[in-house]
Amino acid sequence: MKQNLKKIYQKISSSTWFITFSSFLWFLLRTGTKPTRASYPCQQIAGTNIVLFGIPVALAYWQKFKKCSRYRKKIAFYLVAVILLVVSGFKVLKLIERKTLYKNALAQSGVSRVVWISNNNATNGWAGDSSQVNAGVVENMMDQAIKALMGASSVASAWTQILPCGSNCSGKKIAIKVNFNNSWNCNENHCPVYQVVNALLRQLVEENGIDQQNIGIYDTSRSFTDYFSQGVREVFPNVRLNPDHYSWPPCTVDEGVRGAGFGCWLAEADYLINMPLLRTHSMSGATLSFKNHLGSTTNSSAFHGDFFQQSVGNNSLVQLNSHPIIRDKTILIVDDALYALKNGGPGCNGVCNSDPNFFTPNSLFISTDPVAVDSVMVDYLESQRRTGWGNNDPRITYSIAALADLGNFANSCSNGNCSFSYSNIDLIRCDSNCPSLPTAPPLQCQTCPSDRPAKDQGNANCDNNINISDFAIWKMEYIKYKQDPLSINNANSDFNCDNKLNISDFAIWKKNYI
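Listed below in structure tokens is the structure:
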């Protein structure tokens, strides 16, 4: 009986040690190069295992340590090394938390910029294989828009601001999500235009030096058309086209969002660029940047039916776009709006150019804020429909998304009449060419309510707390101020109200934060 109990104890002990070690190894390998993965569900489970099973293992070895005086120095050395590793891990997690707070602070405190550029020469009519698109005009539109978005003098300097890696992006992987839903017949469906994708690729490859092999264009649940693949390969032969879809078995990663997985290229990528189309949808009202990510999953139908749920936890599109794989990696939204659909959808009613709801805006919509750009595009679609949305109002999703800190929501329409004037969206409309070097939208000075810490104490967002979010606001505004001192007067983080943003304001925040 004693021997049986001893064997059972040894098995449990071995299993506990194995679970602890394997969970620690998995956590280390998965988060070592990309600390942001620590927020993924599978890494959180591994972390729980380390804490839950690691404590009994540590206690067991501590008992042995006390009996083994011969090796105490060596064991003590390894113990200190492990403690330092754990402490550094907590620092990494704290950095992730600060980055998340900083990103949320940008959405909460500032004004989101959206660039809408149009050029009637972008197309010569319509063809299902994109043969009527003028590549040179589209490239110029993309260049103009990206510079206007960041207020930059060159495409390269604009991307230095967009990419978190700045000008040192060697080895970074980029995922580009296109929309090939209903791609089996592009004469009767609205398919992506490869010239728009190529215009973006040219900026990444030629202006920023991104390796073509580190760029993957994907739609996890759909196949690409031959004309699209050929159009991209002729210019960028080494860019990866739908890398997960064409592998067998398809490569996917299960991250526990409504039982749907993500493609491996997206899961492994450092950055994500979302390239939706401009069209309505019979089920969701519109299918823009938020709904485009149904094609980032292996089971898009898991998200159908809850498009209009009015809570963060139940709205399927908000749930999906809140996932760290999408939320934390998205750096840019580029909407291909050369062609559009204003009713029905996602497919045309017959051949597209004979459908009265199919039209040619010859436009691109670009932003770093998915909620803001979708808000503007929904307004544009409503202005073309000349009527509201009834029960299928896509703005329900965007208003909930704003509550989830995914971006700035706004509505300028009333039953088809739209002003395109917003308080929290800086909309730049360009006809062929954008205005040169538009300044950042001014952030007005706030006066906090009397029952909250005053602005002169470092409380930039008047949220009753002086914390890292206030520092993030100061940092954002300080960077803009350094670029153009005239662009921001009486900003939220101008804590001493001297109409300047400098180290004095930081000192005020730091003093009160401590």
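Counting from 4, one number per residue, gives the positions in the sequence shown under the working numbering. Backbone N, C-alpha and C define an ideal beta-carbon position, used for all residues, glycine too.
Consult DSSP for Y425 and reduce its assignment to one of helix, strand or coil.
-> Y425: coil per DSSP, three-state reduction.
Minimum C-alpha distance to I336 - residue among L280, R225 and N462 | Nearest option by C-alpha distance: L280.
For D257, write down the residues that DSSP places opposite it in a beta bridge.
-> Paired residue(s): G264.
By how many angstroms is the C-alpha of A178 removed from the C-alpha of I220?
-> Spanning the two alpha carbons is a distance of roughly 6 Å.
Among the residues of its own chain, which have a CB less than 6 Å from the CB of A404, if the five just before and after it don't count?
-> Counting only residues of its own chain and dropping the five nearest sequence neighbours on each side, A404 has a CB closer than 6 Å to the CB of V321 and V374.
Specify, as a first and last residue, the run of the alpha helix (DSSP H) that I329 falls within.
-> From DSSP, the alpha helix (DSSP H) with I329 extends over P327 to R330.
Coil, strand or helix - I177 by DSSP = If DSSP states are grouped into helix, strand and coil, I177 belongs with the strands.
Alpha-carbon to alpha-carbon, K513 and S224 | A straight line joining the alpha-carbon of S224 with that of K513 spans about 49 Å.
Of the choices T371, T290, S366 and G348, whose alpha-carbon is the least far from that of D358?
-> The shortest Cα separation from D358 among T371, T290, S366 and G348 belongs to G348.
Between the CA atoms of N515 and F509 - distance to the nearest angstrom = Taken atom to atom, the span from the alpha-carbon of F509 to that of N515 is near 10 Å.
For W119, write down the residues that DSSP places opposite it in a beta bridge.
-> The partner list for W119 (beta bridge, DSSP) reads F368 and R432.
Which same chain residues, not among the five before or five after G234, have their C-beta less than 6 Å away from its C-beta?
-> Cβ neighbours of G234 beyond the five flanking positions: Y197.
Residue interval of the alpha helix (DSSP H) (run including R205) = Residues Y197 to R205.
Return the residue from the list R116, S115, G131 and Q135 that minimises the CA-CA distance to N123.
-> The shortest C-alpha to C-alpha distance from N123 to any of R116, S115, G131 and Q135 is the one to Q135.
Cβ-Cβ separation, T126 to F293 (assumed contact under 8 Å), whole Å | Rounded to the nearest angstrom, the Cβ distance from F293 to T126 is 26 Å, too far for a contact under 8 Å.
Delimiting residues of the alpha helix (DSSP H) encompassing K344 | The residue asked about is misnamed: residue 344 is Leu in this sequence, not Lys. Here L344 belongs to no alpha helix (DSSP H); instead the beta strand (DSSP E) covers T333 to L344.
Residues of its chain near C254, where Cβ-Cβ distance is below 6 Å and the 5 sequence neighbours each way are ignored = Hits under 6 Å: D247 and C267.
Mapping DSSP to helix, strand and coil, what is L504?
-> Of the three classes helix, strand and coil, the one that applies to L504 here is coil, per DSSP.
Which of helix, strand or coil DSSP assigns to I213 | Correct three-state label for I213: coil.
Reduced DSSP category for V136 - H, G, I as helix; E, B as strand; rest coil | Look at V136 here: in three-state DSSP terms it is strand.
Compute the distance between the beta-carbons of E271 and K180, then report whether it is under 8 Å.
-> Remark: C-beta atoms of E271 and K180 do not approach each other more closely than 8 Å.
Alpha helix (DSSP H) runs wholly inside the segment 354 to 412, at least 4 long, in chain order | Fully contained in the segment 354 to 412 are the following alpha helix (DSSP H) runs of length 4 or more, in chain order: 373 to 388 and 398 to 406.
Identify which residue in G174, S173 and N192 has its Cα closest to the Cα of N2.
-> The shown model of the chain, from 4 to 517, leaves out residue 2, and the question about it has no answer.
Would you call the CB atoms of I482 and N464 closer than 8 Å?
-> Not in contact: I482 and N464 (Cβ atoms no closer than 8 Å).
N499 burial status per 10 Å Cβ neighbour count (16 or more: buried) | Counting the other CB atoms within 10 Å of its CB gives N499 a total below 16, which places it among the exposed residues.
Pull up the distance between the alpha-carbon of G410 and that of D382, whole angstroms please.
-> Pairing G410 with D382, the inter-Cα distance amounts to about 16 Å.
Per DSSP, which one or two residues make a beta bridge with L244?
-> Paired residues: I220.
Alpha-carbon to alpha-carbon, N365 and D273 | When rounded, the distance between both Cα atoms is 31 Å.
How about A340 and F362: are their beta carbons less than 8 Å apart?
-> Not closer than 8 Å, so no.
Where the alpha helix (DSSP H) through G234 begins and ends | In the DSSP assignment, G234 falls within the alpha helix (DSSP H) that extends over D229 to R236.
With DSSP as the reference, label A510 as helix, strand or coil.
-> In this structure, A510 counts as helix in the three-state DSSP scheme.
With DSSP as the reference, label T300 as helix, strand or coil.
-> In the structure shown, T300 falls within a strand segment according to DSSP collapsed to helix, strand and coil.
Out of A148, N302 and I334, point me to the one whose CA is closest to S319's CA.
-> For S319, the closest of A148, N302 and I334 by C-alpha to C-alpha distance is N302.
What do you reckon, are the CB atoms on C351 and W129 nearer than 8 Å?
-> Contact flag unset, no.
Give every residue of the same chain whose Cβ lies closer than 8 Å to the Cβ of I511, excluding the five residues on either side of it in the sequence, and list them in chain order.
-> Closer than 8 Å at the Cβ level, and outside the excluded window around I511, lie D459, Q460, G461, F498 and N499.
Please classify S415: is it buried, with 16 or more other beta-carbons within 10 angstroms of its beta-carbon, or exposed?
-> Under this definition S415 is a buried residue.
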